[in-house]
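Inspection log for the structure reproduced underneath, given as structure tokens.
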Amino acid sequence: MVKSMHFDVAIAGAGPAGLSLARALAGLDLRIALIERLPAAQLADPPFDGREIALTQLSARLMRELGQWQQVDPAEISPLRRARVLNGPSPFAMVVEPDARHEELGFLVPNYLIRRAAFAVVKDMPEVTLLDGRSVRHIRTDADNATLTLDNGDTITAQLAIAADSRFSETRRAMGIAADMRDFGRTMMVYRMELERPHENTAWEWFGYGQTLALLPLAGQRASVVLTLPHHQIETLLALDDAAFNSDMARRFDHRLGAMRLVSTRHPYPLVAVYAERFAARRFACVGDAAVGMHPVTAHGFNFGLRGAWTLGREIAAARQRGADFAGGAVLEPWAQEHRIATRPLYLATNAIARVYCDDSPPARLVRNIALRSGQQLAPIRHALTAAVSGTSERPPLLSRVAGTALAALRPRHRESA
Ligand SMILES: Cc1cc2nc3c(=O)[nH]c(=O)nc-3n(C[C@H](O)[C@H](O)[C@H](O)COP(=O)(O)OP(=O)(O)OC[C@H]3O[C@@H](n4cnc5c(N)ncnc54)[C@H](O)[C@@H]3O)c2cc1C
Numbered sequence: 031m032v033k034s035m036h037f038d039v040a041i042a043g044a045g046p047a048g049l050s051l052a053r054a055l056a057g058l059d060l061r062i063a064l065i066e067r068l069p070a071a072q073l074a075d076p077p078f079d080g081r082e083i084a085l086t087q088l089s090a091r092l093m094r095e096l097g098q099w100q101q102v103d104p105a106e107i108s109p110l111r112r113a114r115v116l117n118g119p120s121p122f123a124m125v126v127e128p129d130a131r132h133e134e135l136g137f138l139v140p141n142y143l144i145r146r147a148a149f150a151v152v153k154d155m156p157e158v159t160l161l162d163g164r165s166v167r168h169i170r171t172d173a174d175n176a177t178l179t180l181d182n183g184d185t186i187t188a189q190l191a192i193a194a195d196s197r198f199s200e201t202r203r204a205m206g207i208a209a210d211m212r213d214f215g216r217t218m219m220v221y222r223m224e225l226e227r228p229h230e231n232t233a234w235e236w237f238g239y240g241q242t243l244a245l246l247p248l249a250g251q252r253a254s255v256v257l258t259l260p261h262h263q264i265e266t267l268l269a270l271d272d273a274a275f276n277s278d279m280a281r282r283f284d285h286r287l288g289a290m291r292l293v294s295t296r297h298p299y300p301l302v303a304v305y306a307e308r309f310a311a312r313r314f315a316c317v318g319d320a321a322v323g324m325h326p327v328t329a330h331g332f333n334f335g336l337r338g339a340w341t342l343g344r345e346i347a348a349a350r351q352r353g354a355d356f357a358g359g360a361v362l363e364p365w366a367q368e369h370r371i372a373t374r375p376l377y378l379a380t381n382a383i384a385r386v387y388c389d390d391s392p393p394a395r396l397v398r399n400i401a402l403r404s405g406q407q408l409a410p411i412r413h414a415l416t417a418a419v420s421g422t423s424e425r426p427p428l429l430s431r432v433a434g435t436a437l438a439a440l441r442p443r444h445r446e447s448a
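Set out below in structure tokens:
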């Protein structure tokens, strides 16, 4: 029999962003529905998905505040001491190092463990009702409520509906919110390898000619490798046996890390970046990849998702304290504007970097080289890079705020919440 249920907040998607928001709303006396397509057993114990998430200092702090960090085995948290950016066959590398306040730029934590930790802190919250194995089919909102229809015909009304259902968010689409989408026509494959030579806790971003390689240092002699190629080439690599794959990888890394041995499954991801035109509407907001789905080259997707969930939780808590409508435009609009300012400049810069560094034409090779060398030599650029990689403040960096305000002013049309 079809059911009608009422909650204060309905969150579509129990990925890392949706779960972080649910946790950020703890203790506010709000009844929360979490609607998730996957079964609860898979949320509790998600499988390895190849992704190692580079977390900024800010994200580590927010995860601690939300109780998620404490759920991750410390042996699975790898410090990121520095990053090297390389171009083509040149031995020159631009090096990004932590500022004087920190020993490391950030931390690497496997995505499946972030998901497990984020679920562990939410599953026993008395105010949360998990509707697993369910997806959102339709949504409409009016001045007082959002009404969501699930795939089994059940309906949910809530004062606020949240889309946290991935970069291809069906809930965002059902709300009629458009998104800029950029398909890079490439696929990224991620997997773990054991290295013959030490990685010295240094990440590599190597914009080679014809391929992009990243190396993320894990505990011991292990590293996560991220290889970006046209899809048909990834398919060929997926079909190789381990021995052929290992020698192909050592060759791709120009033998700089010695012999390499595959120690995990291989996971391909198509490269599509997404930016929602609006983060908020009447009784509705987008968080996580549903708002900003980053190209992973600058490693900011979840960092932004966590930040957005945390700042939205903070604004809702403040509204509850004032006795104001927590899901009205006066709360959602300023939050959406702040999140846009925090994310838009890096989103655009990331797409530009991905384009230039996938372009192997002679002028592009020259621009790439000049950019890396000036980045190394000019202190302001170096400091800006360190700040972008380690992200130490929940306030957007000054440059971002100025650029974001200008972009927001240039953006025509609507207010965020109608
Ligand atoms: C290869 C790779 C490397 C990355 N590296 C980094 C990094 O180093 N640093 C970083 O910060 N970020 C990184 N990211 C990005 C990061 O993984 C994402 O930003 C993050 O997982 C997004 O979380 P989310 O909760 O918004 O979405 P998702 O993780 O996509 O979760 C969405 C959830 O919604 C559910 N769902 C979908 N549709 C529906 C529906 N209609 N109804 C109900 N439920 C639904 C799904 O089952 C899923 O559980 C990387 C991404 C990739 C692909």
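For the sequence shown, the numbering used here begins at 31 and goes up steadily by one.
For every residue, glycine included, the Cβ atom is placed at its ideal position computed from N, Cα and C.
Quantities reported herein were computed from a predicted structural model and do not represent experimental measurements.
Where does residue i sit, in a helix, a strand or coil, going by DSSP?
i, result
"residue 239", "coil"
"residue 164", "coil"
"residue 454", "For the chain, the structure presents residues 31 to 448; residue 454 sits outside this window and is missing."
"residue 328", "helix"
"residue 83", "strand"
"residue 96", "coil"
"residue 249", "coil"
"residue 375", "helix"
"residue 66", "strand"
"residue 117", "strand"
"residue 265", "helix"
"residue 137", "strand"
"residue 59", "coil"
"residue 46", "helix"
"residue 358", "coil"
"residue 214", "strand"
"residue 228", "coil"
If the criterion is Cβ atoms closer than 8 Å, does the pair residue i and residue j meet it?
i, j, result
"residue 143", "residue 106", "yes"
"residue 301", "residue 214", "yes"
"residue 332", "residue 46", "yes"
"residue 194", "residue 289", "no"
"residue 328", "residue 261", "no"
"residue 317", "residue 51", "yes"
"residue 246", "residue 127", "no"
"residue 44", "residue 73", "yes"
"residue 54", "residue 96", "yes"
"residue 76", "residue 146", "yes"
"residue 108", "residue 248", "yes"
"residue 7", "residue 315", "Residue 7 is absent from the model: the chain starts at 31 and stops at 448."
"residue 291", "residue 276", "yes"
"residue 160", "residue 237", "no"
"residue 339", "residue 209", "no"
"residue 271", "residue 196", "no"
So, for residue i: in the same chain, excluding its five sequence neighbours on each side, which residues have a beta-carbon less than 6 Å away from its beta-carbon?
i, result
"residue 111", "134, 231"
"residue 293", "222, 224"
"residue 357", "189, 190, 313"
"residue 228", "none"
"residue 334", "322, 373"
"residue 39", "60, 62, 188, 190"
"residue 35", "186"
Rounded to whole angstroms, what's the CA-CA distance from residue i to residue j? Just pull it up for me.
i, j, result
"residue 438", "residue 371", "No answer about residue 438 holds up, because its pLDDT of 43 lies below 50 and its placement is not dependable."
"residue 183", "residue 33", "8 Å"
"residue 373", "residue 211", "15 Å"
"residue 48", "residue 120", "42 Å"
"residue 240", "residue 324", "22 Å"
"residue 78", "residue 296", "10 Å"
"residue 342", "residue 367", "11 Å"
"residue 431", "residue 149", "Only weak support is given to the placement of residue 431: the predicted model assigns it a pLDDT of 46, under 50, and the value that follows is read from those uncertain coordinates. Residue 431 and residue 149: Cα-Cα distance of roughly 33 Å."
"residue 139", "residue 31", "43 Å"
"residue 273", "residue 266", "14 Å"
"residue 170", "residue 92", "32 Å"
"residue 206", "residue 310", "12 Å"
"residue 279", "residue 378", "31 Å"
"residue 360", "residue 351", "14 Å"
"residue 337", "residue 376", "14 Å"
"residue 281", "residue 71", "40 Å"
"residue 172", "residue 348", "23 Å"
"residue 392", "residue 365", "43 Å"
"residue 385", "residue 242", "11 Å"
"residue 57", "residue 283", "50 Å"
"residue 256", "residue 244", "5 Å"
Under 8 Å Cβ to Cβ from residue i, same chain only, skipping five residues before and after it: list those, please.
i, result
"residue 164", "65, 66, 67, 180, 181, 182, 184"
"residue 268", "219, 296, 298"
"residue 390", "239, 240"
Does the distance between the C-beta of residue i and the nearest non-hydrogen atom of ligand 2 fall short of 7 Å?
i, result
"residue 84", "As presented, the structure is devoid of ligand 2, carrying ligand 1 as its sole ligands."
Near residue i, what residues of its chain come up, given a Cβ to Cβ distance below 7 Å and the 5 sequence neighbours on each side ignored?
i, result
"residue 395", "118"
Kindly indicate if chain D contains any beta-carbon less than 8 Å away from that of residue i.
i, result
"residue 113", "Absent from the structure is chain D; it holds one protein chain and no more."
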